[in-house]
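Notes follow once the structure below has been shown.
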Amino acid sequence: MPIIRNGTTNTNKTALLRSRLIHELREPAVRGFPLVLENQIGQTRKYHVTIIWDEWGDLPLQTRSRIILDAYEEVFPDKTGRISIAQGLTMSEAISLGLFPYKVIALPTRVEESFLRDRVVDALKRRGAIRGQYDLELRYRTVEEAELARAELQKEIPGDFWTIVQEMAPEVWTTT
Amino acid sequence: MFPPLYERGYDCIVQFEDAAAQRSAEAEILLKRSRHLGAIYLFGYSVEMRVKAAFFRNAGFLAGRLISPQDRSNAIAMSATLGLPVAPGPHDIAGWAALAVAARLTTANPYNSAFGNLIVSQATSLYLIWREVLRYRSVPPIPREIHAVRTIAGWFANNYAMIR
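Read top to bottom, the protein sequences are chains A and B.
Sequential numbering of the first sequence, starting at 1, is according to the working numbering.
Sequential numbering of the second sequence, starting at 1001, is according to the working numbering.
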């Protein structure tokens, strides 16, 4: 009989993610995930750490927070006790919370007209595109990062279909 | 002659805290009548009021002082200085909770790390389910969502004496 454990009791997963995160923090990849956002809180010498990683899966946020604190303690002992907010989010959660408001997309009708769809899809996927509401999209935190990605794509596959869209939180257009 | 209802009272910490308790009690009534979406909607607002009240207390506001639109804008503008990865929107419960925790760090009585993280985790868990746009919806929430939102709202109510 299979045993299905929920995120809270799955200690194996917790231990595995902890050791993987330690490895990732020691030898950070240039691109891809986990993506670590580390911000100092004012003049306090305390930090707000957010780690975007789809490996969090369905683990409760509190457990993710514990894993981050443990991994930081192991890799950066000088920062022990100085991480005041440790947040682990999947990419879709991070997008939902507004952390990646800029998206680079290829306008579908223009792509179809250019007969380059396969190449466009391949270029987006190679850069880690996710399935958005309508089509594949690359997500970025700043407009500068999005501009850079758009320029790279434009260089690889010239065309008038590459564009940047800034996603607004629903509350911005529905209410005050 | 009464002024319009929306002009009676004003935004301040005490009103936020009273409103949070009222919305929470109303949510429980709705829940008993199986009005689940309405209950979730009000539970969410009760948490929003508590994290905002906590932020303004931590930022040094007196309990009865008017909180103006400019004060809210100033608070949001503080988010970068306070280490938030993104500035919170007006109803961003997760962002306001992080602001409250970060603002408390700048005082003589910061939350301990575990409690601060718990506040942010709870608020973020709620905000991954709740948005103010729920008032435009007529979809039935699933039991797990109802349970999570009620539990989190209860946690904020029960721990508010330590959060504030």
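Cβ coordinates follow ideal geometry from the N, Cα and C atoms, glycine included.
If you're wondering where the values come from, they're calculated on a predicted model, not measured in any experiment.
For the set I105(A), R110(A), A149(A), G128(A), the Cα lying nearest the Cα of D135(A) is the one of I105(A). Only A1094, A1098, V1101, A1102, L1105, T1106, S1113, G1116, N1117, L1118, V1120, S1121, T1124, S1125 from the stretch 1094 to 1125 of chain B bring a Cβ to less than 7 Å from some Cβ of chain A. Contacts with chain B at 7 Å (Cβ-Cβ) include K46(A). Contact annotation: I52(A) and A15(A) have beta-carbon atoms that are not nearer than 7 Å.
Taking a beta-carbon distance threshold of 7 Å, P1085(B) counts as an interface residue toward chain A. Within chain B, the residues G1083 have their CB atoms less than 7 Å from the CB of Q40(A), given in chain order.
Taking 7 Å as the cut-off, the beta carbon of I164(A) is found closer than this to the beta carbon of A146(A). Fully contained in the stretch 40 to 73 of chain A are the following beta strand (DSSP E) runs of length 3 or more, in chain order: 46 to 52.
In terms of beta-carbon proximity, L1066(B) stays away from the interface with chain A, with every pair separated by 7 Å or more. For P1141(B), same chain residues with a beta-carbon under 7 Å away, outside a window of 5 residues either side, are H1036, L1037, I1040 in chain order. Chain-order list of chain A residues neighbouring L1128(B): E93, S96, L97, by C-beta distance under 8 Å. Interface flag for T80(A) against chain B is unset, since no Cβ pair is found closer than 7 Å. In the pairwise beta carbon analysis, the stretch 1095 to 1102 of chain B is classified as touching the stretch 1120 to 1134 of chain B: at least three pairs are separated by under 8 Å.
About 7 Å separates the beta carbons of T142(A) and Y102(A), which is inside the 8 Å limit, making them a contact pair. At a cut-off of 7 Å between C-beta atoms, L61(A) counts as an interface residue with respect to chain B. With respect to the 7 Å criterion, L1084(B) and K46(A) are not classified as neighbours on the basis of their beta carbons.
E1048(B) is positioned such that its CB atom lies closer than 7 Å to that of I1093(B).
Here G1116(B) has V1101 as same chain residues with Cβ atoms under 6 Å from its own Cβ, once five neighbours each way along the sequence are excluded. Not one beta carbon of chain B lies nearer than 7 Å to the beta carbon of S114(A).
Within the DSSP secondary-structure output, T163(A) pairs in a beta bridge with I105(A). Taking 8 Å as the cut-off between beta carbons, the residues of the stretch 136 to 165 of chain A near chain B are R141, in sequence order. Taking a C-beta distance under 7 Å as the contact criterion, S1046(B) and A1020(B) qualify as a contact pair.
The Cβ-Cβ distance between L99(A) and V1086(B) falls below 7 Å.
Around T11(A), no beta-carbon contact reaches into chain B at under 9 Å, the shortest distance being about 19 Å. Not one beta carbon of chain B lies nearer than 7 Å to the beta carbon of A71(A). Looking at the backbone, the Cα of G1009(B) and that of F76(A) are separated by about 50 Å.
Against chain B, the CB of T50(A) has a partner CB under 7 Å away; the residue lies at that interface. Under the three-state reduction of DSSP output, A86(A) falls in the strand class.
In this structure, L124(A) lies away from F161(A), with their beta-carbon atoms at least 7 Å apart. Within the same chain, D54, W56 come within 6 Å of T90(A) by CB-CB distance, once the 5 residues on both sides are set aside. Between Q87(A) and S65(A) the beta-carbon gap is near 7 Å, inside 8 Å, which marks them as a contact. Among the residues facing chain B, I85(A) is included, as its CB has a counterpart in that chain under 7 Å away.
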